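Below you'll find the structure, written out as structure tokens, and then a few comments.
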């Protein structure tokens, strides 16, 4: 059955994953790493993804055929999934992307800042997970978290300061996860999207911690409206307030402040302290603390000659991700290559 | 029994089947996500981002003149800008001449109708995604299914009414006055609530629910309307938003946006609201065998006032 090239191109890798919007659905996709071809390192020099029309079915999530150099002019073929730290292809036709429940359950989530999760997994840094069934830490059951410092046995939730003074009395002893996005794929279909709040500081400029890196969706100058169910999270004065973002991720994680945060022009110094309800209070406590986009008030600073509230890359309501698209995993052992590698890519479609 | 009978076994009908006079209905889901949004228009040739602006009200603190002749301090007016990006969506069907020639139906006409249906359905889903993504929802806790969130309850609905009224939101639907009819009751002026058909059994069990058939007057009601609870009238769709795995035990959560006037906006690009087109065979195909139908529209969407929209996350019980 003949193929048609529907689109193709090239880019210089940053070592991170790359999203390729496709003008129509694809049946096959391949990459070639022109920097590494002919080299001697045991690196990936190309990859191939197959669509659902092939008899064996579509390549698995973050997988595909990998071509790699095995020294002295030999090329080996295997799957991206056969190696750790190896990312293949993710083909997406609609958002949100919600995977099935992970095979292995969470065995522990520490009550610490940041919280550390023990779970045998194949996740990658920047993945966004929906965590639930969190025995001992029911307050967070159903929330989405961005993960980092991923190893095969666990990862870190930089956005969850699960300290005792933030309402977390004990570690979680169980839980389940689904992957719902990553730094390139929004877990929700429209941006800017609502975000889960994990802490709010008492300060002249309140620092609001979030479970996912807010810099993916929000910028300085944008306004947000906070929803803090008053009977659950202590800081009832913050509920329903609208504030302007003064900084994103500018405050270092310490105490109850997580690594992911926005600084607001709201003086919360005299507010009640923010604290999560006890795990035992779930499921009767109204959850969750969240904020949502509320526009922007454009400001001009004549000293620095800068405008705020004009970030058209983040600000307008818009579709989060163009679909269909192909996500090419980054990294030396991955389809997208290492930093500065030259990558060619081609998308094919059956003619009939 | 005599033999030599001419029957259906030795003389079958010349044609094995006949074509029914009417086509069967094409399934179509309830379109509930657009009619409550404010309609705005974007002009051509001035960019794809449209800005909707609102002046915030002035503070009511102070203001009394003390007779000294000193003017009160002026207040700086604050303007809030809401931006929306206009996006274009399209669908096309390419038809070979042999289908047009030999199909029993007038396929070009029927396919055009299908494209028209796609156009409105796609628009509805895009507005649904806006509500599902960019609004703060509160988990229902008044139910008894033991999950976080629980199924919907009267207390949860009342809580959202309190939030909207506390933020000075205005109702969108008018009163349906009482009439002297058995088993009917009036509905108050109401906000809109949009829900999945998966929770209709739970809606029926909410305290004080007024099912649509018990409204005193049925004139002008939309077919998608299901019931009235407190200050909300519920409209349901099989394509309403849900979040897989977001309940405390990993079951599905249904989001119910609940809002009043001017909470959300739908932006239409002038002359791009709904374009249906036909490309004849001599344009599409080098041997003039394939023709093409297409539908295209442009849309922008935005939550224009977060204070006037809220909603519930719920699970199911029944």
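Chains as they are written, first to last, in our numbering: chain A, 5 to 356; chain B, -1 to 316.
Glycine included, C-beta positions come from ideal geometry on N, C-alpha and C.
Keep in mind that this is a model prediction, so the values were computed, not measured.
In three-state terms, what does DSSP make of residue i?
{"i": "residue 194 (chain B)", "result": "strand"}
{"i": "residue 119 (chain B)", "result": "helix"}
{"i": "residue 348 (chain A)", "result": "strand"}
{"i": "residue 47 (chain A)", "result": "coil"}
{"i": "residue 34 (chain A)", "result": "strand"}
{"i": "residue 339 (chain B)", "result": "With chain B running from -1 to 316 in the structure shown, residue 339 (chain B) is simply not present."}
{"i": "residue 296 (chain A)", "result": "strand"}
{"i": "residue 216 (chain B)", "result": "coil"}
{"i": "residue 82 (chain A)", "result": "strand"}
{"i": "residue 26 (chain A)", "result": "coil"}
{"i": "residue 110 (chain B)", "result": "helix"}
{"i": "residue 130 (chain B)", "result": "helix"}
{"i": "residue 95 (chain B)", "result": "helix"}
{"i": "residue 87 (chain B)", "result": "strand"}
{"i": "residue 281 (chain B)", "result": "helix"}
Give a yes or no on whether the minimum CB-CB distance between residue i and chain B is below 8 Å.
{"i": "residue 292 (chain A)", "result": "yes"}
{"i": "residue 354 (chain A)", "result": "no"}
{"i": "residue 136 (chain A)", "result": "yes"}
{"i": "residue 27 (chain A)", "result": "no"}
{"i": "residue 192 (chain A)", "result": "yes"}
{"i": "residue 241 (chain A)", "result": "no"}
{"i": "residue 288 (chain A)", "result": "yes"}
{"i": "residue 302 (chain A)", "result": "yes"}
{"i": "residue 268 (chain A)", "result": "no"}
{"i": "residue 198 (chain A)", "result": "yes"}
{"i": "residue 180 (chain A)", "result": "yes"}
{"i": "residue 70 (chain A)", "result": "no"}
So, for residue i: in the same chain, excluding its five sequence neighbours on each side, which residues have a beta-carbon less than 6 Å away from its beta-carbon?
{"i": "residue 296 (chain B)", "result": "84, 86, 267, 270"}
{"i": "residue 316 (chain B)", "result": "199, 200"}
{"i": "residue 215 (chain B)", "result": "174"}
{"i": "residue 241 (chain B)", "result": "251"}
{"i": "residue 114 (chain A)", "result": "120, 175"}
I believe residue i touches residue j by the beta-carbon criterion, under 8 Å. Please report the beta-carbon distance rounded to the nearest angstrom.
{"i": "residue 333 (chain A)", "j": "residue 91 (chain A)", "result": "2 Å"}
{"i": "residue 228 (chain B)", "j": "residue 155 (chain B)", "result": "5 Å"}
{"i": "residue 335 (chain A)", "j": "residue 264 (chain A)", "result": "Going by Cβ atoms, the distance from residue 335 (chain A) to residue 264 (chain A) rounds to 23 Å, so no, they are not a contact pair."}
{"i": "residue 267 (chain A)", "j": "residue 254 (chain A)", "result": "6 Å"}
{"i": "residue 298 (chain A)", "j": "residue 229 (chain A)", "result": "4 Å"}
Could you tell me whether any Cβ in chain A is nearer than 8 Å to the Cβ of residue i?
{"i": "residue 238 (chain B)", "result": "no"}
{"i": "residue 79 (chain B)", "result": "yes"}
{"i": "residue 197 (chain B)", "result": "no"}
{"i": "residue 127 (chain B)", "result": "yes"}
{"i": "residue 284 (chain B)", "result": "no"}
{"i": "residue 90 (chain B)", "result": "no"}
{"i": "residue 304 (chain B)", "result": "yes"}
{"i": "residue 288 (chain B)", "result": "no"}
{"i": "residue 137 (chain B)", "result": "yes"}
{"i": "residue 85 (chain B)", "result": "yes"}
{"i": "residue 242 (chain B)", "result": "yes"}
{"i": "residue 273 (chain B)", "result": "no"}
Using C-beta distances below 7 Å, list every residue in its chain close to residue i, excluding the 5 sequence neighbours before and after it, in chain order.
{"i": "residue 278 (chain A)", "result": "203, 204, 237, 238, 239"}
{"i": "residue 94 (chain B)", "result": "287, 288"}
{"i": "residue 309 (chain B)", "result": "133, 135, 158, 253, 254, 255, 256"}
{"i": "residue 301 (chain A)", "result": "227, 248, 313"}
{"i": "residue 118 (chain B)", "result": "29"}
{"i": "residue 146 (chain B)", "result": "137, 245, 246"}
{"i": "residue 188 (chain A)", "result": "21, 23, 331"}
Within 10 Å of its beta-carbon, does residue i have 16 or more other beta-carbons around it, so buried, or fewer, so exposed?
{"i": "residue 58 (chain A)", "result": "exposed"}
{"i": "residue 31 (chain B)", "result": "buried"}
{"i": "residue 171 (chain B)", "result": "buried"}
{"i": "residue 178 (chain B)", "result": "exposed"}
{"i": "residue 156 (chain A)", "result": "exposed"}
{"i": "residue 54 (chain A)", "result": "buried"}
{"i": "residue 182 (chain A)", "result": "buried"}
{"i": "residue 235 (chain A)", "result": "exposed"}
{"i": "residue 205 (chain B)", "result": "exposed"}
{"i": "residue 185 (chain B)", "result": "buried"}
{"i": "residue 118 (chain A)", "result": "buried"}
{"i": "residue 323 (chain A)", "result": "buried"}
{"i": "residue 2 (chain B)", "result": "exposed"}
{"i": "residue 9 (chain B)", "result": "exposed"}
{"i": "residue 108 (chain B)", "result": "exposed"}
{"i": "residue 256 (chain A)", "result": "exposed"}
Does the Cβ of residue i lie closer than 7 Å to at least one heavy atom of the ligand MN?
{"i": "residue 37 (chain B)", "result": "Judged by which ligands are present, the structure shown has none, so any question about the ligand MN falls away."}
Excluding sequence positions up to five away, which residues of its chain have a Cβ less than 8 Å from the Cβ of residue i?
{"i": "residue 194 (chain A)", "result": "321, 322, 323, 324"}
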